[in-house]
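J.: Got a structure here, written out as structure tokens. Questions coming.
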Amino acid sequence: MNRILPFAFIGIVLVIWEAAARSGLWSKLLFPSLVSVFHEVVLFFTRAASLMEAWTSLQRALGGFALAAVAGIALGMLMGRSKLVAGLLDPLFSGTYSVPKLALFPIFIFVFGIGSLSKVALVFLECLYPIVIMTYAGARDVNRVLLWSAHNMGASRATILRRVVIPASAPFIFAGFRVAVPVAMIVVVITEMVASADGLGYQVIYAMSSLRTDRMLAVVVVIAALGYALDKAVVLARDRLIYWEKLDTYYV
Amino acid sequence: MALAKAALLIAVLLVWQLAPLPDYVLSPSAIAGHFVQALGSAELYEHVWASLGRSLPGFVLGSFLGATLGLAAGTARWFDRMLSPAVFLTYPVPKIVMLPIFMIWFGIGDLSKVLIIALACFYPVFINAYYGVRQTRTILVWSALNMGATPAQVFRRVVLPSALPMIMASLRVSLALSFIVMFAAEMINARSGLGQLIRIAENSLRFDLMYVSLVTIAILGYSGDRLVRFAHARLLAWQQPAA
Chain A
0 MNRILPFAFI GIVLVIWEAA ARSGLWSKLL FPSLVSVFHE VVLFFTRAAS
50 LMEAWTSLQR ALGGFALAAV AGIALGMLMG RSKLVAGLLD PLFSGTYSVP
100 KLALFPIFIF VFGIGSLSKV ALVFLECLYP IVIMTYAGAR DVNRVLLWSA
150 HNMGASRATI LRRVVIPASA PFIFAGFRVA VPVAMIVVVI TEMVASADGL
200 GYQVIYAMSS LRTDRMLAVV VVIAALGYAL DKAVVLARDR LIYWEKLDTY
250 YV
Chain B
0 MALAKAALLI AVLLVWQLAP LPDYVLSPSA IAGHFVQALG SAELYEHVWA
50 SLGRSLPGFV LGSFLGATLG LAAGTARWFD RMLSPAVFLT YPVPKIVMLP
100 IFMIWFGIGD LSKVLIIALA CFYPVFINAY YGVRQTRTIL VWSALNMGAT
150 PAQVFRRVVL PSALPMIMAS LRVSLALSFI VMFAAEMINA RSGLGQLIRI
200 AENSLRFDLM YVSLVTIAIL GYSGDRLVRF AHARLLAWQQ PAA
């Protein structure tokens, strides 16, 4: 009983969907049959052109995320280890944290062009916040005794940073990564839906404009799978790198 | 320290004001001027009203469902086993991709936007409510049961208070999310609202309107966040909120 319950809910939803699709009460536009959605998913993976669209979106998401990771860890470390930098940057980050950065996108289009650069820039900006804030929290809360001991044993500032501060804040940094990766996917998809001629977000809008709900749902499935896979990749990397501390969550 | 901060802020604003800027980047004084001018016209308030009319109902609906179902999943094991896998499986998926489907199902008007905002707000509140319940200290539950409390009393007096800080923390996240999704949905398709205002301004090269919309959504996001934090501090006075 306990084994089947997790699948029961998902199964029931899928069965109701398929029944609604086959009942003929609604148009295929509203509830396309799951068989045709699955067919479109298979088509997606066999067409080189659609795989290229996925690759375009993935590049934008990972590009912005990687830039944000480099800049975010550097800024967070500086803020955590220097009172002056923290005093200057903390009000900036906490003050603009709750402001939707997405509103900057039209201006980014003018500044960086309508191509990939404006999207990567927005992904960078949105991912920067969680990474900086978490790295800052981690670098600030390093156990003081460890710092003193390392210092006492004659470690240089660079050694302390590399051997004490970075390992101690690594769990926080990865917690920031886990927030930032779905954000990167969200921003890429939204910006592609709003202004783009390629990428998965554009494919969703394009399929809907051509009234191909089954194809649109197939792209949604691909986006969902991509988001899920990226999240799992972060968790996997975290467990390999931070082997001394297990992620103590239940499902996530 | 405060002096250094003020000096930095003034220096940044001065450089921004005096630097040679392209047409699409306005100087701070120009932005402030356009914003004050827009405050005097009725048009801005109509857009703000339309936007809030979408984001707030979505926020309330999504957060309420998230809190209720999250508490239920944290308390009842069979419910947890049934619902949680579906929620955690779809958690990393960008919810905004459902907007076109919602538009087909619920029409192109406000309903589809409210529901997509509710969907986005549901997840963080559900997950925090769920972990809030699961983090309840077992010893407190045992003591309450030992002293003869009924399961309903345990839930109301022990489980709920210990889950509330997590739920309040997630409301901050979901309120910010509601503004983001609202803005995105309005940019993709709407006839009013701040997101649509910025799209129209962009298409007609009205840079002044673009910045007015930007400043307005920034103020809304910031003050909404302050409001939630204020409510958090008032309601949960016994707990020190994290900065």
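Chains A and B supply the protein sequences, listed in that same order. Quick note: the first sequence uses numbering that gives the first Met the number 0, first residue 0, plus one each step. Quick note: the second sequence uses numbering that gives the first Met the number 0, first residue 0, plus one each step. All C-beta atoms in this analysis are idealised placements derived from N, C-alpha and C, irrespective of residue type, glycine included.
What is the C-beta distance between Ile179 (chain B) and Leu101 (chain A), in whole angstroms, given that I count them as a contact (C-beta under 8 Å)?
T.: Correct: roughly 6 Å between the Cβ atoms.
J.: With a threshold of 8 Å between beta carbons, is Leu223 (chain B) in contact with chain A?
T.: Checking the sequence, you will find Gly at residue 223 (chain B) rather than Leu. Yes, contact with chain A.
J.: For a contact defined as C-beta to C-beta under 7 Å, what are the partners of Ile189 (chain A) on chain B?
T.: Neighbours of Ile189 (chain A) on chain B, chain order: Ile95 and Ala183.
J.: To the nearest angstrom, how far is it from the Cα of Phe6 (chain A) to the Cα of Leu146 (chain A)?
T.: When rounded, the distance between both Cα atoms is 49 Å.
J.: To which residues of the same chain is Ser35 (chain A) closer than 7 Å at the C-beta, ignoring the five residues directly before and after it?
T.: Here the set comprises Asp213.
J.: Is it true that the region 120-136 of chain A meets the region 225-240 of chain B, where meeting means three or more beta-carbon pairs spaced less than 8 Å apart?
T.: They do not touch, by the three-pair rule.
J.: With Trp15 (chain B) as the anchor, note down where its alpha helix (DSSP H) starts and where it stops.
T.: Element bounds for Trp15 (chain B): Ala1 to Leu17.
J.: Just to check my reading of the structure: Cys120 (chain B) and Gly73 (chain B) have Cβ atoms closer than 8 Å, yes? What is that Cβ distance to the nearest angstrom?
T.: Contact doesn't hold; Cβ gap of about 18 Å is too wide.
J.: Beta-carbon of Tyr250 (chain A) versus every beta-carbon of chain B: anything under 8 Å?
T.: Confidence in Tyr250 (chain A) is poor, its pLDDT being 42 and thus under 50, which makes the residue's placement too unreliable to answer from.
J.: Looking only at its chain, what residues have a beta carbon closer than 7 Å to the beta carbon of His33 (chain B), apart from the 5 residues adjacent to it on each side?
T.: Closer than 7 Å at the Cβ level, and outside the excluded window around His33 (chain B), lie Asp207, Tyr210 and Val211.
J.: Can you have a look at Ala68 (chain A) and say buried or exposed, based on whether 16 or more other CB atoms are within 10 angstroms of its CB?
T.: Buried, since its Cβ has 16 or more Cβ neighbours within 10 Å.
J.: Report the start-end ranges of each alpha helix (DSSP H) in the region 32-83 of chain B that is 4 residues or longer and not cut off at the edges.
T.: Qualifying alpha helix (DSSP H) stretches, in chain order: 41-74.
J.: Just checking: is the beta-carbon of Pro240 (chain B) within a distance shorter than 8 Å of some beta-carbon in chain A?
T.: Caution applies to Pro240 (chain B), whose pLDDT of 48 falls short of 50 and renders its modelled position unreliable; the value that the coordinates give is listed next. Closer than 8 Å: no.
J.: How big is the Cα-Cα spacing for Ala230 (chain B) and Val186 (chain A)?
T.: If you take the alpha carbons of Ala230 (chain B) and Val186 (chain A), they lie about 29 Å apart.
J.: Would you say Ile130 (chain A) reaches chain B, if we count a Cβ-Cβ gap shorter than 8 Å as a contact?
T.: Taking Cβ atoms only, chain B never reaches closer than 8 Å to Ile130 (chain A), which makes this a no.
J.: What would DSSP say about Met181 (chain B), mapped onto helix, strand or coil?
T.: Residue state, collapsed to three classes: helix.
J.: Assign Ala3 (chain B) to buried or exposed, taking buried as 16 or more other Cβ atoms, counted over all protein chains shown, within 10 Å of its Cβ.
T.: The residue in question, Ala3 (chain B), is exposed, as its Cβ has fewer than 16 Cβ neighbours within 10 Å.
J.: By Cβ distance below 8 Å, which residues in the same chain neighbour Ile199 (chain B) in space, the five residues on each side in sequence not counted?
T.: Around Ile199 (chain B): Arg205 and Leu208.
J.: Closer than 6 Å by C-beta to Ala136 (chain A): which residues in its own chain qualify, once you throw out the five before and the five after it? Chain order, please.
T.: Correct list, in chain order: Phe171.
J.: Roughly how many whole angstroms lie between the Cα atoms of Tyr227 (chain A) and Asp79 (chain B)?
T.: If I take the Cα positions, the gap works out to 21 Å.
J.: When DSSP labels each residue in this structure, what does Val144 (chain A) get in the three-state scheme?
T.: Note: Val144 (chain A) maps to helix in three-state DSSP.
J.: Ignore the nearest five residues each way along the sequence and tell me which others in Gly79 (chain A)'s own chain have a CB closer than 6 Å to its CB.
T.: Hits under 6 Å: Tyr135, Ala138 and Arg139.
J.: Look up Phe125 (chain B) in the DSSP assignment and say whether it is helix, strand or coil.
T.: DSSP places Phe125 (chain B) in helix when its eight states are reduced to three.
J.: On the CB-based measure, 16 or more other CB atoms within 10 Å of its CB, does Ser142 (chain B) come out buried or exposed?
T.: With fewer than 16 Cβ atoms within 10 Å of its Cβ, Ser142 (chain B) is classed as exposed.
J.: Tell me which same chain residues have a C-beta within less than 7 Å of the C-beta of Phe92 (chain A), skipping the five on either side of it?
T.: Excluding residues within five positions, the ones whose Cβ falls inside 7 Å are Tyr128, Val131 and Ile132.
J.: Comparing C-alpha positions only, which one of A:Val193, A:Pro166, A:Leu50 and A:Ser49 sits nearest to Trp243 (chain A)?
T.: Nearest C-alpha to Trp243 (chain A): A:Pro166.
J.: Kindly list, in the order they appear in chain A, the residues whose Cβ is closer than 8 Å to that of Met81 (chain B).
T.: What Met81 (chain B) touches in chain A: Leu4, Pro5, Ala7 and Phe8.
J.: So if I threshold CB-CB distances at 8 Å, which residues from the region 103-119 of chain A count as touching chain B?
T.: So the list reads Leu103, Phe104, Pro105, Ile106, Ile108, Phe109 and Val110, given in the order they occur along the chain.
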